Structure formats: structure tokens, C-alpha cells
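A.B. asks:
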Amino acid sequence: MIYENIRNLREDSDKTQKELADYLNVKQTTYSKYELGKINIPVEVFIKLADYYGVSVDYLLGRTKKK
Numbered sequence: 088m089i090y091e092n093i094r095n096l097r098e099d100s101d102k103t104q105k106e107l108a109d110y111l112n113v114k115q116t117t118y119s120k121y122e123l124g125k126i127n128i129p130v131e132v133f134i135k136l137a138d139y140y141g142v143s144v145d146y147l148l149g150r151t152k153k154k
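In the working numbering, the protein residues as written are 88 to 154.
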């Protein structure tokens, strides 16, 4: 999975894909495709997710293990 950290953070927070999709103002199917790496995640979405979870964008991208 390309964006494993995004999925792990969601699951660790006991959130559903639908809840995160609503937060990001996208459809649940779109959010699912983000997690699976089937479509590119816009920079704005990475920033919103990083702010939501209190982590760096680099962590979301898997470029670092430091949140």
C-alpha cells in the first residue's frame, strides 16, 4: 500500500473513511482511492490530513518515521 501511514493513522484514531472524506469534502470512494494510491492526493489534502493528525506531510508520505 502506497499511503500506509494515512490508513494507519485513520484506523488508530478509530475513524471511518466516510468521516475523513467528510472532513476533506470529498466522496468516500475518493478517499478510499487516496489510501490505496489509485489517484494522486492533492497537496491541499496532504496539508489538511497532516494538520488533522498533528503529523508532518513527510510522515504521511512515508519519507520519515518521525511523526
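C-beta atoms are modelled at their ideal positions from N, C-alpha and C, and glycine is treated no differently. A quick note: this is a predicted structure, and the numbers were derived from the prediction, not measured.
1) Might you give, ordered along the chain, the residues of its own chain that have their beta carbon closer than 7 Å to the beta carbon of L87, omitting 5 neighbours on each side?
2) Under three-state DSSP, which class holds D101?
3) If you draw a straight line from the alpha carbon of K105 to that of K114, how long is it in whole angstroms?
4) Suppose you measure from the CA of P129 to the CA of E98; what does that come to, to the nearest Å?
5) If we ignore side chains and look at the alpha-carbon of each, how far apart do I126 and Y139 end up?
C.D. replies: Let me lay it out:
1) Since the displayed the chain opens at 88 and closes at 154, residue 87 lies outside it and no answer follows.
2) coil
3) Cα to Cα, K105 sits roughly 8 Å from K114.
4) Whole-angstrom Cα-Cα distance: 21 Å.
5) When rounded, the distance between both Cα atoms is 21 Å.
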